[in-house]
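First up is the structure itself, then whatever we jot down about it.
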Amino acid sequence: MTENIKASLSAVLEGFSAAVDFTNDALYTYILIILLVLAGLYFTVRTRFAPFRLFGEQIRSVMEKPSDGKNVSSFQALMVSTASRVGTGNIIGVSTAICLGGFGSVFWMWVIAIIGSASAFVESTLAQIYKKKGPDGCYGGPAYYIQSALKNRPLAIIFSVLLIATYGVGFNMLASYNLQSTFSAYSFYDASTTPWIIGAVVAGLVAVCLFGGGKRIVKITSFLVPIMGVAYILVALAVTAINFKMLPSVFSRIFTEAFDFNSIFGGFTGSCVMFGIKRGLFSNEAGVGSAPNASASADVSHPAKQGLVQVLSVFIDTILVCSATAFLCMCSGVEPTAEISGAPFVQAALSTTLGKAGPIFITVAMILFAFTTLLGNLYYVDQGIAFINGKIPGKKFTTFYRIVASLLIFIGAGLNAGLLWNVSDVLMGAMTIINIPVIIILGKYAIRTLKDYELQKKAGKDPVFKAKNIDLPHEVDYWK
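See the structure below:
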């Protein structure tokens, strides 16, 4: 009887895995590539290349303080979105892309970040325009601009459900798995027990933070993300500098493999283009509709300011952190293979330069990356639940949800890596399929907002936004 149950469960899991694989390939082979590239190019042109020409404004905007000194600042909102973006995907995801897609994957990661940064500006600016007033400040995101501007609450609810599933289930289970996988380099690692022990510890620590409330999440991520990012980048730069003689051959392989079209079209689903887009989107999330939930919480005088701040987040994530991982690995001389994809490749690369200290550093980095990712993701889940419910849920439901969220983190540590990656990619892709068409429809208001911002800057003013300045036809809580 027991054997029959096991066989049935195995068959169900295999069927589910096959369905996820099929959906994943269809999304990233056709639909998402077209959506992301066309939307990114469209917004880049319509904003007159704002992500590049307004880099100085991005730096200035991130330093702006809230008007009352108490609400969420631009920097804090940036750190929450960066906490989700800059996570285990920047280490494990990049390693996996290089091992399975080749050096050319790095080039396509850069491309999707550069193109997508304009989409990041538009979605975060829209989140600011349509944000709502709450007892503890402001809040918003794609669900709110879908409901307020498109008058389509059912679609907004679907998006919120996908947001909850993507970040609370897919991404958090994957982050937990990625974290425990870094311990596989140590002699004490036992595949049957160690993942569950590490999963239990991580889930417990996250639960402690969750029951401390949302403000604690913001404070913890604001403190840890800069330290984590700077330390990791400095070590990666040091390793790359030590192996600088490898750089010419590394750049040669990046561009040669990126444009090896015979290889790419010979097996597109496993090509450098596919893995570059998947891991690039997973890492920077431009156009997915996640970061706008954090952007809406910032207290700024003009929506375009927070849009520019989120462009900076994409730059930090992909151009800095992902590239740091990529060059750390590619300059090590360790040849990437499918057998060592993920944490083992990064650890092997560091070991060749730093010796035994390499794996230890990666383990520490992964603990910080994973921890801030888990907290940043659950901030988004809070926003999705609040939208569906119409208000912040009561204490009993919140307690139940936080227990479930912690349990999912525990379970994710012991599951299959391939299935977790594919489930996360599918859920993230579904969010993107909703969000990109919506921001294309509403993008004209973000572009008008940018023009208003630049006109005020030219007049020597600190831009202050009013909805009437862009002929906004929708009712909003702010900007009257």
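Numbering follows this note's numbering, with no gaps: position 52 of the sequence shown is 33. Just so it is clear, CB atoms sit at the ideal spot from N, CA and C, and this is done for glycine as well.
Contacting residues, own chain, Cβ-Cβ under 6 angstroms from residue i (five flanking each side not counted)
i      : result
I373   : A367
L401   : M154, L155 and Y158
F56    : V43
A427   : V103, T106 and L107
N450   : D433
L191   : R383
H455   : S129 and A130
A411   : L143
M227   : C312
M(-18) : Per-residue confidence for M(-18) stands at a pLDDT of 49, beneath the threshold of 50, marking its modelled position as unreliable; no derived number is given.
Beta carbon of residue i nearer than 8 angstroms to that of residue j
i     : j    : result
A386  : W177 : no
M409  : T147 : yes
L136  : T413 : no
F102  : G288 : yes
N358  : F152 : yes
V183  : L215 : no
I110  : T430 : yes
A481  : Y213 : Shown here, the chain extends from -18 to 461; a query on residue 481 therefore has no answer.
I138  : I369 : yes
V254  : W91  : no
E174  : T344 : The question names Glu, but residue 174 in the sequence shown is Thr. Result no, Cβ atoms of T174 and T344 do not sit closer than 8 angstroms.
G375  : S141 : no
G180  : I390 : yes
P123  : G336 : no
Y9    : D406 : yes
F(-3) : I235 : no
S294  : A319 : no
Neighbourhood of residue i by C-beta, 8 angstroms cutoff - its chain only, sequence neighbours within 5 removed
i    : result
C310 : V75, S76, I79, P317, F326, V327 and A330
N224 : C312, S313, G314 and T334
S100 : L17, A20, G21, F24, A267, G268, I417 and I420
I208 : L349
L301 : G210 and I214
F169 : T175
Nonlocal neighbours in the same chain, by C-beta distance under 7 angstroms from residue i, ignoring five residues either side
i    : result
I321 : C80 and A329
K113 : C119, Y120, G121, Y125 and D458
T221 : F308, L309 and C312
P340 : A166, Q328, L331 and S332
L423 : L107, Y126 and A130
I12  : I414
C303 : N71, V75, M90 and S264
N133 : I127
T479 : Since the displayed the chain opens at -18 and closes at 461, residue 479 lies outside it and no answer follows.
I14  : I258
L355 : N153, A156, V187 and I390
Integer-rounded CB distance, given that residue j should sit under 8 angstroms from residue i
i    : j    : result
G257 : S86  : 4 angstroms
A290 : V1   : Per the sequence shown, the amino acid found at residue 290 is Val instead of Ala. Contact flag wrong, Cβ pair sits at about 34 angstroms.
H283 : P444 : 4 angstroms
Y361 : L144 : 6 angstroms
A448 : K461 : 6 angstroms
A188 : R41  : About 38 angstroms separates the two Cβ atoms, so there is no contact after all.
L285 : L218 : According to the sequence displayed, residue 285 carries Ala and not Leu. No, A285 and L218 are not in contact; Cβ-Cβ is about 32 angstroms, not under 8 angstroms.
I297 : G210 : 7 angstroms
V281 : E45  : 6 angstroms
The ligand COA heavy atom lying under 7 angstroms from the CB of residue i
i    : result
A367 : As presented, the structure is devoid of all ligands, the ligand COA included, so that no description of it is given.
Residue-chain proximity (residue i, chain B), Cβ-Cβ < 8 angstroms
i    : result
G336 : In the displayed structure, chain B is absent; only one protein chain is listed.
Segments assigned beta strand (DSSP E), at least 3 residues, entirely inside the stretch 86 to 172:
113 to 115 and 118 to 120, all fully within the stretch 86 to 172.
Between the stretch 91 to 101 and the stretch 27 to 37, are three or more C-beta pairs nearer than 8 angstroms?
-> Yes, since at least three Cβ pairs between the stretch 91 to 101 and the stretch 27 to 37 fall closer than 8 angstroms, the two stretches touch.
My parser needs the alpha helix (DSSP H) runs of 4 or more residues fully inside the stretch 335 to 416; what are they?
Counting only runs of 4 or more, we get 338 to 370 and 376 to 393.
Ordered list of alpha helix (DSSP H) runs contained in the stretch 283 to 318, each at least 4 residues
With a minimum length of 4 residues, the continuous alpha helix (DSSP H) runs that stay inside the stretch 283 to 318 are 284 to 295 and 304 to 311.
Pick out the complete alpha helix (DSSP H) segments inside the stretch 5 to 50, 4 residues or longer, and give them in chain order. Listed in chain order, the alpha helix (DSSP H) elements of length 4 or more contained wholly in the stretch 5 to 50 are 13 to 27, 31 to 34 and 36 to 43.
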